[in-house]
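Asks: Per the working numbering, residue 59 is the first one in the sequence shown, and the count goes up by one each step.
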Amino acid sequence: MALCSIDVLVSQLATQPIIFIGGKGGVGKTTTAAALASYHANQGKKTLIVSTDPAHSLGDVFNTTLHHEKTAINPYLDALELNPEIIVNRHFAQVERTITGYANPDMMPKIREHLRLSKSAPGAQEAAMLESMCQHLVTAADAGYAHIIFDTAPTGHTLRLLVLPEMMGAWTDGLLAQQRRQAKLRSVATHLDSHEKDIINPFGKHQPDRWEQAVSVLEQRKVLFRQAGALLHDRTQTAIVLVMTADVLPLAETARAISQLEEAKLTPAAIVVNQLIKPTQTDPFWQQRADRQQQLMNDITHSFSNYPIYPVYLQQTDIRGTEALSKLFS
Ligand SMILES: Nc1ncnc2c1ncn2[C@@H]1O[C@H](COP(=O)(O)OP(=O)(O)O)[C@@H](O)[C@H]1O
Ligand SMILES: [Mg+2]
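1. Checking the sheet assignment: what are the DSSP bridge partners for residue 331?
2. In whole angstroms, what separates the C-alpha of residue 287 from that of residue 319?
3. Three or more beta-carbon pairs under 8 Å between the region 356-374 and the region 324-341, yes or no?
4. Under a Cβ-count criterion, where at least 16 other Cβ atoms within 10 Å of its own Cβ denotes burial, should residue 370 be classed as buried or exposed?
5. Under 7 Å: does the beta carbon of residue 87 sit that close to some heavy atom of ligand 2?
6. Give every residue of the same chain whose Cβ lies closer than 7 Å to the Cβ of residue 192, excluding the five residues on either side of it in the sequence, and list them in chain order.
7. Could you give the distance in angstroms between the alpha-carbon of residue 160 and the alpha-carbon of residue 168?
8. Here's the rule: buried if 16 or more other CB atoms are within 10 angstroms of the residue's CB, otherwise exposed. What is residue 341?
9. What first and last residue would you give for the beta strand (DSSP E) that runs through residue 108?
10. According to DSSP, simplified to helix, strand and coil, what is residue 71?
11. If I follow the unbroken beta strand (DSSP E) through residue 78, where does it start and stop?
12. Below 8 Å on the Cβ atoms is my contact criterion, and I expect residue 145 with residue 190 to pass it. Report the Cβ-Cβ distance as a whole number of Å.
13. Rounded to whole angstroms, how far is the Cβ of residue 387 from the Cβ of residue 97, which I believe are closer than 8 Å?
14. Between which residues of its own chain and residue 304 is the CB-CB distance below 7 Å, once the five residues before and five after are set aside?
15. Among 142, 294, 291, whose alpha-carbon lies nearest the alpha-carbon of residue 180?
16. Helix, strand or coil for residue 132, going by three-state DSSP, please let me know.
17. Does the beta-carbon distance from residue 50 to residue 172 come in below 8 Å?
18. Between residue 81 and residue 336, what straight-line distance do the alpha-carbon atoms span, to the nearest angstrom?
19. Give every residue of the same chain whose Cβ lies closer than 8 Å to the Cβ of residue 128, excluding the five residues on either side of it in the sequence, and list them in chain order.
In structure tokens form, the structure reads like this:
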């Protein structure tokens with residue numbers, strides 16, 4: 059596929075409710091995501107932009123401070139920066155409340171210590187982030203948004219998040235199967251005498267409540283991941299846009315990202331090559347840079363011939379505020 063003008067990208071994405079912007083650090087993901095969001099909002103389409111990169115800079119681009127909850131940038135544009143720490147703290151506070159309901163009070167200090175350590179376990183924040191992303195993803199349309207745009211962390215992280223709903227779905231299935239096996243054991247246990255019952259069911263009479271609660275949380279999570287996974291794989295719903303610059307490392311990373319996405323049966327909708335300079339320069343240094351970019355552009359169009367490629371030129375200054383952002387694409 060040949061190079062396309064950037065306004066074609068905007069119309070290509072006009073009918074996509076869910077847009078993911080991914081790519082290497084510093085290539086212009088946040089700028090691209092904010093520009094698309096500003097453009098759609100200017101067209102009178104209600105848009106939500108969600109930053110999932112822990113190194114948030116979305117607020118800076120809009121000249122404002124953003125939070126874990128939505129902030130209105132203008133009547134058609136809401137923005138938020140997901141904070142994994144807040145999500146994890148809320149989750150564990152809920153778990154602690156549940157446990158306090160049935161646990162022996164003497165055990166609570168130990169349990170609290172265990173929960174405190176679990177919060178910083180590897181993957182806890184990632185899982186929390188994923189669940190929150192999925193929640194925004196599946197509820198955006200009902201909340202009245204024509205578009206939800208995710209400004210994501212550098213490629214590796216984004217891909218994991220995109221592929222995780224399936225993994226988490228399988229993991230939840232495993233847990234549910236285990237819960238069902240244990241429930242069967244329990245029903246056998248109720249027919250045994252009290253001594254044997256205590257061996258099989260050491261939590262005693264409170265156990266069934268806990269099981270039911272755990273199963274219901276898992277069931278809800280499973281439904282959420284299944285819905286999110288279905289949306290992510292539906293090309294009429296989700297567009298994945300990879301942003302890169304015409305440099306060797308972003309080219310290599312984009313090639314890896316595409317093959318990982320394809321492995322997960324996800325296809326990028328478009329590739330944006332950002333920060334290009336004009337092919338003819340007066341200064342020899344800049345002429346050399348321009349020539350190098352042209353060479354790399356040839357490699358890029360050759361390597362990614364299956365995808366529409368959109369060049370975006372380097373602007374004189376950083377692009378901040380919805381006015382300037384929406385102009386980037388027009
Ligand atoms: N086309 C462009 N013209 C001028 N500056 C740009 C352009 N694209 C990005 N930038 C600047 O480059 C820096 C990195 O962009 P950013 O969107 O934050 O990248 P990422 O989110 O991929 O890390 C920012 O200072 C941004 O303003
Ligand atoms: Mg960014």
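Even glycine gets a Cβ: it sits at the ideal position worked out from N, Cα and C.
Replies: Here's the rundown:
1. 302, 369
2. 13 Å
3. Yes: at least three Cβ pairs fall under 8 Å.
4. Of the other Cβ atoms in all chains shown, 16 or more fall within 10 Å of the Cβ of residue 370; this residue is therefore buried.
5. For ligand 2, at least one heavy atom lies less than 7 Å from the Cβ of residue 87.
6. Excluding sequence positions up to five before and after residue 192, its CB lies within less than 7 Å of the CB of 223, 282, 283, 286, all in the same chain and listed in chain order.
7. 15 Å
8. exposed
9. 105-109
10. For residue 71, the three-state secondary structure derived from DSSP is helix.
11. 76-81
12. Between residue 145 and residue 190, the beta carbon gap of about 5 Å places them in contact (Cβ cut-off 8 Å).
13. 5 Å
14. Result list for residue 304: 331, 334, 351, 354, 355, 358, in chain order.
15. Looking at the Cα atoms, 142 is the closest of the given residues.
16. Strand.
17. Within the shown structure, residues of the chain are numbered from 59 to 388, placing residue 50 beyond reach of any answer.
18. 23 Å
19. 106, 136, 137, 138
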